[in-house]
Amino acid sequence: MGFMAHLFAMAVAHPYDVVWNLIGFGGQGIFGVRMLIQWLKSEQEGHSVIPVTFWYCSLIGGLFTFSYSIHQEAWALVLGTGLPLPIYARNIWMIYRDRRRVAA
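Structural data, given as structure tokens:
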């Protein structure tokens, strides 16, 4: 069976699973893109920089993979993907807090 026929058969047989696979792969994709963003920004600035988009990709990708891990009942991955989420959110909060201080 060809690749596209296999995908079609899976989508027809288990559309619920296809959605969860898209969430899992999408989360990993978003989470992975954060390193490309950080690398390009650092190259542009000429020194190591972590832009706010890095933290947004970390948070969004982490939430997607955390949700997928819960759905799959992969409890080790739930811990691994869930524990850093507050850190990502706090970094975003600190960036905006500091920007407000500078603006004031």
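So for the sequence shown, my numbering puts the first residue at 10; every next one is plus one.
Every residue, glycine too, gets a C-beta built ideally from N, C-alpha and C.
Owing to the predicted nature of the structure, the values given are computational and were not obtained by experimental measurement.
Beta-carbon gap between L94 and G71 smaller than 7 Å: yes
N-terminal and C-terminal residue of the alpha helix (DSSP H) that S67 is part of: 61 to 81
C-alpha distance - L68 paired with R43, whole-angstrom precision: 10 Å
F34 vs I46 beta-carbon contact at 7 Å: no
Cβ pair V87, S78 closer than 7 Å: yes
P95, DSSP secondary structure in three states: helix
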